[in-house]
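To start, the structure itself, in structure tokens.
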Ligand SMILES: *[C@@H]1O[C@H](CO)[C@@H](O)[C@H](O)[C@H]1NC(C)=O
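Put into structure tokens, the structure is as follows:
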């Protein structure tokens, strides 16, 4: 009798489970540079109803009573399970958008793989973040002013192996109770644009950049400095949610990250997809996916390291929405230009800051010559073998690439 009841309720809940899922996402917003397997092949790749995150270690951070965070309550009803709801949505932020921060979670045994190489923001609770809109040592932040981009950003960063703990909240420009633009949470954040249903995906290289909609050089609102300094930022859990153990790994629970130069079965030291990239027909050759070239540039041609020359970075860099060069910093109101956060560290010769910054990393986002991607020196600090592949980076990330020896 009991068994019969049990099996009835089991098959009932199974019936509920299989009938729950909605069609989501509604259409593909996967651009060429998005990492991960081609979305349109998912059924072939993962089987009917299969998901790219099946069997992964990721799990949703549920509320104390086991229910879903508010912006995901609808998704937890309409989707097969809560993990799918958290990783895919649909989120409900009233279509005011969202922003997510990925924090390093190695203290809990979750290897960061490629996360540390692309830190891009600072929490609005340190002097560095309040003073420097470009300070970027706390994690990776990305968001959008549209709700349905969430699925695509998560899928892309999952396969880029930006592994860690993901904390997301509602509201980009506005919305929720603590939108990003309140200047209270993060000093900067990248933007994921909406790819529309009618757009030709062949013309979309990267929805994560090139749209000039990032939260760049805006910084933390100084009026929060006295209340928030050196203490956890008070956040409204009603508009936020978290995913633990986020990101792709070959093996669930794999040990902490490998040395960047050693080939490893876990992950190659690139920021790109470990899985075949969608369509693989990108006309822009991406140096980070090319085989590691093992010809060090500085093959000790110089055994007189104590006198490195003070040089500007040869690379263009971003100031707000504009692309700048060290020539720009030296012209016009040069003193003012060099005083902008991070500029003198990018252009120490031009800005007359050789004493301080000759051997320092650039303090700006700069543009890689090969592919137009914007990076910061963290990209090289995390993986110094990249200094060999991108030889000009040595004069840009002078500390991370040991320019001064
Ligand atoms: C700064 O804020 C972050 C996020 O809220 C928090 O994890 C961290 O502990 C805070 N830093 C300090 C020094 O309290």
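In mature numbering (1 follows the signal peptide of the UniProt record, and there is no 0), the protein residues as written are -20 to -1, 1 to 385.
Heads up, the beta-carbon is just placed ideally off N, CA and C, and yes, glycines get one too.
Between the Cα of residue i and those of the options, spot the shortest distance and give me the residue it belongs to.
i: residue 350; options: 371, 342 and 147; result: 371
i: residue 2; options: 41, 89, 18 and 60; result: 60
i: residue 188; options: 297, 55 and 136; result: 136
i: residue 99; options: 64, 143 and 130; result: 143
i: residue 205; options: 231, 104, 217 and 75; result: 104
i: residue 114; options: -1, 287 and 198; result: 198
i: residue 355; options: 220, 79, 96 and 34; result: 96
i: residue 182; options: 367, 4, 18 and 378; result: 18
i: residue 22; options: 149, 12, 13 and 5; result: 5
i: residue 340; options: 362, 291, 316 and 64; result: 291
i: residue 378; options: 353, 343 and 78; result: 343
i: residue 116; options: 138, 129, 315 and 170; result: 170
i: residue 112; options: 150, 361 and 200; result: 200
By DSSP's criteria, residue i is part of a beta bridge. Which residues make up the other side?
i: residue 170; result: 122
i: residue 56; result: Paired residues: none, contrary to the question.
i: residue 40; result: 223
i: residue 175; result: Answer by DSSP bridge pairing: none, since residue 175 is not bridged.
i: residue 303; result: 298
When DSSP labels each residue in this structure, what does residue i get in the three-state scheme?
i: residue 383; result: coil
i: residue 338; result: coil
i: residue 374; result: helix
i: residue 204; result: helix
i: residue 195; result: strand
i: residue 353; result: coil
i: residue 346; result: strand
i: residue 326; result: helix
i: residue -18; result: With a pLDDT of 48 at residue -18, under the threshold of 50, the modelled position of this residue cannot be trusted; read the value that follows with caution. Of the three classes helix, strand and coil, the one that applies to residue -18 here is helix, per DSSP.
i: residue 231; result: coil
i: residue 367; result: helix
i: residue 332; result: coil
i: residue 251; result: Any reading at residue 251 is ruled out, since the residue's pLDDT is 39, under 50, leaving its predicted position unreliable.
Apply the 10 Å Cβ neighbour rule to residue i and answer buried if 16 or more other Cβ atoms are within range, or exposed otherwise.
i: residue 325; result: buried
i: residue 55; result: buried
i: residue 153; result: exposed
i: residue 57; result: exposed
i: residue 302; result: exposed
i: residue 322; result: buried
i: residue 9; result: buried
i: residue 196; result: buried
i: residue 43; result: exposed
i: residue 40; result: buried
Is residue i near ligand 2, judged by its Cβ being under 8 angstroms from some heavy atom?
i: residue 83; result: Absence of ligand 2 from the depicted structure is noted, with ligand 1 being the only ligands included.
Please tell me whether residue i has its Cβ less than 9 angstroms away from any Cβ of chain C.
i: residue 321; result: Included in the structure is just one protein chain, with no chain C present.
- request: Identify every run of the alpha helix (DSSP H) within the segment 72 to 153, keeping only runs that are complete inside it and at least 4 residues long; order them along the chain.
  value: As far as the segment 72 to 153 is concerned, its whole alpha helix (DSSP H) runs of at least 4 residues are 107 to 111 and 130 to 139.
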